[in-house]
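Step one of this worksheet: look at the structure below.
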Amino acid sequence: EASFNDANLFMANLSLAPPLVSTSFKGAYLEKLTWAGHIENCDFGHTKMKDSIFTNCNLSGCNFFKSNLANANFEGATLNEVIFDQSLSFNCQFTEGNLTNCKLVCTDFHGASFREAQLKDCDFSGAKLQYSDFRGGSCVGCTFNGASLICSQLVMLDGHKKEEDGSKSHGIFGKKKEKAKHSAVFRDCSFRYALLQGIDLRNSDCTGSNFTKANLTNALLANALIDTNGAFAPRAIL
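One rule links them: number in the numbering used here = place in the sequence shown (from 1) + 1.
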């Protein structure tokens with residue numbers, strides 16, 4: 002196993018590097034690095050990785066436990082069985098990413114973007130997701146037990162101003178997208194004891210999801226697909 006433990010690689014560019022496999026970067030200083038390609042079974046635990054760029058990377062079996070990933074960019078990346086537990090990942094970008102079987106327990110994702118991302122069987126238990134963005138995304142079989150999604154953005158409203166091709170020929174709102182693209186999907190997810198005050202789930206597909214003991218005070222649920230048989234029992238706070 003190659004080792005860069007405690008190394009200083011500030012602003013290094015690894016975009017042309019060969020695939021990284023079974024390499025340890027524990028405790029390293031990796032801020033503003035540019036990564037590319039395939040990264041497998043690498044250990045980034047306890048590293049400083051602020052403003053790092055992982056756009057369109059393929060990460061598998063990697064560990065970011067207790068790392069500082071503030072403002073890191075994973076846009077368009079594919080992540081499989083990646084561990085982010087207890088990391089500082091506020092303002093991270095996962096836009097249009099694909100996350101499968103990832104662990105994000107007690108992670109600080111304040112202000113992070115999962116817009117139009119596809120998430121499957123990911124664990125966000127106890128995560129801080131305030132002001133995060135899930136618009137247009139899909140979460141299937143994910144766990145948000147005890148997580149906070151207060152002030153998160155889940156729905157792109159029909160009245161969202163949009164112009165097409167830089168012109169106003171379609172009117173001030175432009176052409177509207179289909180409803181399916183406006184609302185996030187949270188199918189077969191668990192929100193037990195989650196903090197969802199004021200959350201906007203209008204038109205969202207929450208089929209099979211469990212909101213037991215979740216705090217949904219002032220939540221907007223109009224036209225949401227929710228299995229009321231058991232989804233709120235024992236009673237959620239509404």
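Glycine residues also receive a C-beta, built at the ideal position from the N, C-alpha and C atoms. Because the structure is a prediction, the values reported are computed rather than measured.
| At a Cβ threshold of 8 Å, is L155 touching chain B? | Among the protein chains of the structure shown there is no chain B, as only one such chain exists.
| request: Tell me where the beta strand (DSSP E) around C107 begins and ends. | output: Unbroken run through C107: none, as it is neither H nor E.
| Under 8 Å, do K67 and H47 count as touching if we go by C-beta distance? | Contact flag set, yes.
| task | Please name the residue or residues paired with I227 in a DSSP beta bridge. | result | C207
| message | Let me check one thing: in DSSP terms, what residues is E41 bridge-paired to? | response | V22, S61
| If you drop the 5 nearest sequence neighbours on each side, which residues of the same chain put their C-beta closer than 7 Å to that of F115? | Correct list, in chain order: F95, S133, D134, F135, G138.
| Would E97 be called buried (16 or more neighbouring beta carbons within 10 Å of its own) or exposed? | buried
| request: Could you tell me which of L222, S53, Q198 sits nearest to A78, measuring between CA atoms? | output: S53
| message | Per DSSP, what are the beta-bridge partners of C152 in this structure? | response | C152 pairs with nothing; no bridge assigned.
| If you drop the 5 nearest sequence neighbours on each side, which residues of the same chain put their C-beta closer than 6 Å to that of D86? | F66, K104, V106
| message | Quick check on N81: does DSSP put it in helix, strand or coil? | response | strand
| Exposed or buried, what is N9 when buried is set at 16 or more other beta-carbons lying within 10 Å of its beta-carbon? | exposed
| request: Please list, in chain order, all residues of the same chain as F5 whose beta carbon is under 8 Å from its beta carbon, the five residues on each side excluded. | output: T24, S25, F26, A29
| task | Write down the C-beta distance between D189 and S205 rounded to the nearest angstrom, noting that I regard them as a contact closer than 8 Å. | result | With 8 Å as the limit, D189 and S205 do not qualify as a contact, their Cβ atoms being about 13 Å apart.
| query | Helix, strand or coil: which one does DSSP assign to A3? | reply | strand
| request: State the Cα-Cα distance for the pair L15 and T218, rounded to the nearest angstrom. | output: Approximately 47 Å between the Cα atoms of the pair.
| Span of the beta strand (DSSP E) holding K121? | 119-121
| query | For the beta strand (DSSP E) that R188 lies in, which residues bound it at each end? | reply | From DSSP, the beta strand (DSSP E) with R188 extends over 186-188.
| task | Would you kindly check if the distance between the Cβ of N74 and the Cβ of T56 is under 8 Å? | result | At a Cβ-Cβ threshold of 8 Å, T56 and N74 count as neighbours.
| task | Determine which residues share a DSSP beta bridge with C140 and list them. | result | Residue pairing from DSSP places C140 in a beta bridge opposite L120, F187.
| said: Given this structure, state the Cα-to-Cα distance separating A71 from T35, to the nearest angstrom. | reply: 15 Å
| Which same chain residues, not among the five before or five after G1, have their C-beta less than 6 Å away from its C-beta? | Coverage of the chain is limited to positions 2 through 239, which leaves residue 1 absent and any answer about it impossible.
| field | Rounded separation between I40 and P20 - CA only | value | One C-alpha to the other measures close to 6 Å.
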